[in-house]
Amino acid sequence: MHKWEMTIAGRPLIIEYGKVAKQANAAVLVRYGETVVLVTATMAKEPREGIDFFPLLVDYEERLYAVGKIPGGFIKREGRPPESAILAARMIDRPIRPLFPEGFRNDVQIVATVLSVEPDNEPSIAAMIGASAALHISEIPFAEPIGGVKVGKVDGKLVINPTIAQSEKSDLQLVVAGTKDAIMMVEAGANELTEDEVLEAILFGHETIKEIVAFIEKIREEVGKPKVDVPLYEPDPEINKEVREFATAKMVAAIKTDEKLEREALIENVKAETLEYFQNKLDEEVYAESEKTINEVLDNIVYEEVRKMIAVDKIRPDGRGLSEIRPITCEVGILPRTHGSGLFTRGQTQVLTACTLGRVSEEQILDGLSEEDSKRYIHHYNFPSYSVGEVRPIRSPGRREIGHGALAERALLPVIPSEEAFPYTIRLVSEVLESNGSSSQASVCGSTLALMDAGVPIRKPVAGVAMGLLKDGDDFAILTDIQGMEDHYGDMDFKVAGTKDGITAIQMDIKIKGINREILKQALEQAREGRLFILNKMAEAIAEPRPDLSPYAPRIITFEIDPDRIRDVIGPGGKMIR
Numbered sequence: 047m048h049k050w051e052m053t054i055a056g057r058p059l060i061i062e063y064g065k066v067a068k069q070a071n072a073a074v075l076v077r078y079g080e081t082v083v084l085v086t087a088t089m090a091k092e093p094r095e096g097i098d099f100f101p102l103l104v105d106y107e108e109r110l111y112a113v114g115k116i117p118g119g120f121i122k123r124e125g126r127p128p129e130s131a132i133l134a135a136r137m138i139d140r141p142i143r144p145l146f147p148e149g150f151r152n153d154v155q156i157v158a159t160v161l162s163v164e165p166d167n168e169p170s171i172a173a174m175i176g177a178s179a180a181l182h183i184s185e186i187p188f189a190e191p192i193g194g195v196k197v198g199k200v201d202g203k204l205v206i207n208p209t210i211a212q213s214e215k216s217d218l219q220l221v222v223a224g225t226k227d228a229i230m231m232v233e234a235g236a237n238e239l240t241e242d243e244v245l246e247a248i249l250f251g252h253e254t255i256k257e258i259v260a261f262i263e264k265i266r267e268e269v270g271k272p273k274v275d276v277p278l279y280e281p282d283p284e285i286n287k288e289v290r291e292f293a294t295a296k297m298v299a300a301i302k303t304d305e306k307l308e309r310e311a312l313i314e315n316v317k318a319e320t321l322e323y324f325q326n327k328l329d330e331e332v333y334a335e336s337e338k339t340i341n342e343v344l345d346n347i348v349y350e351e352v353r354k355m356i357a358v359d360k361i362r363p364d365g366r367g368l369s370e371i372r373p374i375t376c377e378v379g380i381l382p383r384t385h386g387s388g389l390f391t392r393g394q395t396q397v398l399t400a401c402t403l404g405r406v407s408e409e410q411i412l413d414g415l416s417e418e419d420s421k422r423y424i425h426h427y428n429f430p431s432y433s434v435g436e437v438r439p440i441r442s443p444g445r446r447e448i449g450h451g452a453l454a455e456r457a458l459l460p461v462i463p464s465e466e467a468f469p470y471t472i473r474l475v476s477e478v479l480e481s482n483g484s485s486s487q488a489s490v491c492g493s494t495l496a497l498m499d500a501g502v503p504i505r506k507p508v509a510g511v512a513m514g515l516l517k518d519g520d521d522f523a524i525l526t527d528i529q530g531m532e533d534h535y536g537d538m539d540f541k542v543a544g545t546k547d548g549i550t551a552i553q554m555d556i557k558i559k560g561i562n563r564e565i566l567k568q569a570l571e572q573a574r575e576g577r578l579f580i581l582n583k584m585a586e587a588i589a590e591p592r593p594d595l596s597p598y599a600p601r602i603i604t605f606e607i608d609p610d611r612i613r614d615v616i617g618p619g620g621k622m623i624r
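Residues 47 to 624 in my numbering are what the sequence shown spells out, letter by letter.
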């Protein structure tokens, strides 16, 4: 067995290798204080046939024995992963995914199993570090290790991996992950911090990340396995050349169409025309073998031309300027029997949010690894297939829907009134009716409209905007209010929500190997300008919460009683209460 130790935030981080789960490609036991997480990395021996994506699966398994609990209910066994586990799995997946080779098609699975939890030491951070270490030690192709930390801001001072007591007083809940050179992922909730304060916190966290990366590099030097050469998919060079000569000019013309559905139809027409041309040109057997390659090359043409058009020529597919926001309309009160409703439309993205008020006793009980907790403000996000013109069976919410719902919930949390000021449970449900990018941020805006329509006395309106980045060599472009094509082919999805005075939530995903301070700073400033524009548009529909609740909402009246009169309220032997 091998064992290494470093110190993070005054607490020991220990990684053990070679003791457990030895049949995985690599397995590490990560100890952070008394928190213990087993992380394994396993790769399929052969690439998966017939796919055009990298099949990475990250599972984060919470075991209730880790905190000395027995699962509730009749079965007494952990069931489907709770929301906290799904969010932790997404948080691990996002920074490591861009570090696998382009064209890699072997299935890779990361499993993080939480075995012991000390409340002050976050198991998800230990799991992220463990995933990086296991991949880097193993023979699985992986470019370089990452590190991850939480950052808090307590009494104006930045803190790495804050304790529970510090987190309760913190104005910032930030998770940042990155390599030694660049930031890969940011997830944050904040109490209206400025752009400069958030940027400072991200860079502060990156300094500790550099130490973690150096620690993992040292581990690989001692026990790392040689990386295997796996087949990486590349299209046939001759077919690639011929398809590009036939289709590139036609595809560029199709891409430069403003309207989404029309653009998609024209792109499909070019694909069909190209396939028909090669079907007539090639022998039947050769065509059957080449059809998949032809489609791959056509997709590559779209990818390359969209990126070049934006990053180099500074032209967006729908003709907007780089910082221009699509047309916005806002409506409230469109659902007469709900307690509050808001319809937010931005271009071809449309979200309807409904607000429901209930008794405090209806709050959600959270039975997880932490002490039994509850929340009285809940946001759910639904993304039906019709919103993008597709046909799919309706299932329970997927990881993406849970992640987007949590982001919008976090964005509004700082402005929700306290239980003393507003003794209600608040549930928001955002229904995505149309989607062409940035639906999670549209649900933030729809939530604000619905809350104000319901008469919930939020402190300030909140709006959100999704930023994008396309980088082509030294050329790059930062985009405000990205649409679906820009998100799909871009290098960054950077969602920023907040009030007119500061940021309340951030989520950043990077598809390239990180971004630097200058790009981050410019994106945050551009997002602030976009957010203020959207808030002004929302104020045209409703500027402040309605003075009264809906006639269909429950009424909860609170009043104080003179302590000397309590016996009169209770009555003899509790008679009045009974």
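Using N, Cα and C, we set each Cβ at its ideal position, and we do this for glycine too.
It should be emphasised that the depicted structure is a prediction, and the values quoted were computed from it without experimental measurement.
Going by DSSP, what residues sit across from Tyr427 in a beta bridge? Ser476
Where Pro277 and Ser336 are concerned, what is the direct C-alpha to C-alpha distance, given to the nearest angstrom? 18 Å
From Gly388 to His450, what does the alpha carbon distance come to, in whole angstroms? 18 Å
Taking only the alpha-carbon atoms, compute the straight-line gap between Cys491 and Glu590 and give it to the nearest angstrom. 14 Å
Per DSSP, which one or two residues make a beta bridge with His48? Tyr63
Just how far apart, CA to CA, sit Ile607 and Pro117? 41 Å
Within the same chain, show all residues whose beta-carbon is closer than 6 Å to that of Ala189, passing over the 5 residues directly before and after it, in chain order. Leu145
Is the region 411–418 in contact with the region 497–507, if contact means three or more CB pairs nearer than 8 Å? no
Those runs of the beta strand (DSSP E) which lie wholly inside the region 117–186 and span at least 3 residues: 152–162
Note down the Cα distance separating Lys338 from Glu291, rounded to an integer number of angstroms. 18 Å
Nearest to Gly530 by CA position, among Leu59, Ser485, Thr159 and Lys621, is which residue? Ser485
Three-state secondary structure (DSSP) at Leu328? coil
Looking at C-alpha atoms only, which residue of Pro58, Leu312, Ala158 and Asp329 is the closest neighbour of Asp139? Ala158
Go through its chain and collect everything with a Cβ distance to Asp166's Cβ below 6 Å, but skip five positions before and after it. Thr209 and Ile210
By Cβ distance below 8 Å, which residues in the same chain neighbour Thr294 in space, the five residues on each side in sequence not counted? Ile347 and Glu351
Report the partner residues of Gln568 according to the DSSP bridge assignment. Paired residues: none, contrary to the question.
Measuring alpha carbon to alpha carbon, tell me which of Lys296, Leu181 and Leu245 ends up nearest Lys273. Leu181
Within its chain, find whatever has a CB closer than 6 Å to the CB of Ser369; leave out the 5 residues flanking it on each side and keep chain order. Thr526 and Gln572
Beta-carbon gap between Val343 and Gly176 smaller than 8 Å: no
Give the C-beta separation of Arg441 and Thr471 to the nearest angstrom, bearing in mind that I take them to be a contact with Cβ-Cβ under 8 Å. With a Cβ gap of about 27 Å, Arg441 and Thr471 do not count as contacting.
Rank Ala247, Tyr111 and Leu218 by C-alpha distance to the C-alpha of Ile229 and give the top, closest one. Ala247
Between Leu204 and the ligand ADP, is there a pair consisting of the residue's CB and a ligand heavy atom that are separated by less than 7 Å? This structure does not include the ligand ADP; it has no bound ligands of any sort.
Find the nearest neighbour of Arg392 within the set Leu581, Ala318 and Asp555, judged by alpha-carbon distance. Leu581
Let's see if you can read the secondary structure: which residues bound the beta strand (DSSP E) around Ala551? Ile549 to Ile556
Could you tell me which residues DSSP puts in a beta bridge with Phe522? Lys517
Gln69 burial status per 10 Å Cβ neighbour count (16 or more: buried): exposed
For the alpha helix (DSSP H) containing Glu288, list its first residue and its last residue. Pro283 to Ile301
Closest to Asn152 by CA distance: which of Ile97, Tyr535, Glu564 and Leu497 is it? Ile97
Ends of the beta strand (DSSP E) at Thr254? Segment Glu241 to Val269 is the alpha helix (DSSP H) holding Thr254; no beta strand (DSSP E) there.
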